[in-house]
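Working notes, structure below.
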Amino acid sequence: MSYFANNLKYIATACVAAVIGIGTVTVIGQNSDKSSKAEYKARTYSFCENNNWSSNDRVSTNDLREITVASTGSVNVDAGQNGGISVKGEDRSDVLIRACVQAWGTSEEAARAAVASIRISTSGEIKADGPSEKNWSVSYEIRAPRSSSTSLRARNGGISISNIEGTSEFETQNGGVSVSNAAGTVKGRTANGGVNVTLAGTSWKGTGIDVQTTNGGVNLTIPENFQANIETGTVNGGFRSNIPSLNVTTENIVGEGWPKTRSKRVNLALNGGGAPVRVVTTNGGVTINAADKE
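Residue numbering for the sequence shown follows this note's numbering, starting at 92 and increasing by one per position.
Following this line, the structure appears as structure tokens:
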């Protein structure tokens with residue numbers, strides 16, 4: 092399996108960070124003295140580190156590559172069969188690409204040879220080419236100007252977008268999705284994975300956001316004073332909100348035959364309305380949290 096292994100266990104509340112596995116994972120502990128701090132630092136794992144494994148007749152190895160390219164205003168990434176993608180907007184004029192290249196084989200030498208044969212292209216679309224055998228993956232951690240637009244594709248990996256203010260389109264088959272502090276126009280979906288959307292400020296700056304999953308939970312975090320036209324709901328799953336105005340008041344019975352299912356959906360103008368914010372699932376729970384109550 093790759094670093095971005097399939098996560099097909101669906102939970103009512105999306106826990107996308109765990110599904111995606113991109114970025115830094117910190118083990119929280121006490122730092123009362125130097126030895127504690129050293130231990131704490133040693134247990135802080137960065138992107139593409141501590142990612143090798145062995146199982147039966149297979150071993151894996153990985154290589155972190157960094158590439159800096161000029162910004163064209165658009166970040167287009169195809170993560171291939173087994174890779175995930177994280178794009179974060181920053182105050183910068185270029186694009187930093189960190190690629191975690193991983194391969195596995197019957198020996199360490201074979202895995203290393205496979206890694207060495209993988210090439211990453213940045214011309215037009217960021218993607219990797221490698222052996223015809225599907226024994227490798229490349230995941231991406233990208234830093235780009237905040238104004239960038241993105242087009243992201245994955246198959247068995249998660250997608251994360253944060254602090255991006257352009258037009259963002261994305262799709263993955265098996266992986267979680269995270270969108271935080273974004274703006275502009277955001278539209279994307281996953282077939283099998285949770286969705287985590289975090290809104291900031293008092294309104295959406297741009298056209299709006301539309302994110303959906305078929306099999307996975309939805310977690311929407313939103314300030315109580317946020318102005319937007321909110322649409323969220325599920326066909327098969329629970330619904331919980333600690334914002335009174337965003338609680339389900341009616342449940343519609345849907346489907347033919349027996350047993351019937353109850354669709355739970357909220358569609359309202361929050362605090363006078365604004366840009367559309369649509370975050371929905373078919374099979375999974377919905378949780379809405381007020382940003383200041385977490």
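Backbone N, C-alpha and C fix where the C-beta goes; we use that ideal spot for every residue, glycine too.
Using a C-beta cut-off of 8 Å, the stretch 162 to 172 makes contact with the stretch 215 to 233, since at least three inter-stretch Cβ pairs fall below that distance.
In this structure, residue 241 sits away from residue 382, with a CB-CB distance that is not shorter than 9 Å. The stretch 369 to 379 makes contact with the stretch 320 to 334; the number of CB pairs closer than 8 Å reaches 3 or more.
For residue 203, no beta strand (DSSP E) segment is defined; the enclosing uninterrupted segment is the alpha helix (DSSP H) at 199 to 207. With 16 or more other CB atoms across the displayed protein chains lying within 10 angstroms of its CB, residue 355 is buried.
Residue pairing by DSSP leaves residue 376 without any beta bridge partner. Counting the other Cβ atoms within 10 Å of the Cβ of residue 292 gives fewer than 16, which makes it exposed.
For residue 367, the secondary structure class from DSSP, reduced to helix, strand or coil, is strand. The stretch 193 to 208 and the stretch 146 to 160 touch, with no fewer than 3 CB-CB distances between them shorter than 8 Å.
Apart from sequence neighbours up to five positions away, the residues of its chain that approach residue 161 with a beta-carbon distance below 7 Å are 185, ordered along the chain.
Burial check for residue 179: the Cβ neighbour count within 10 Å reaches 16 or more, so the residue is buried.
Taking 9 Å as the cut-off, the Cβ atoms of residue 254 and residue 230 do not count as close.
In the DSSP annotation of this structure, the continuous segment of the beta strand (DSSP E) that includes residue 320 starts and ends at 319 to 325. Each residue's CA atom was taken as its position, placing residue 330 and residue 279 some 22 Å apart. DSSP places residue 191 inside the beta strand (DSSP E), whose first and last residues are 185 to 196.
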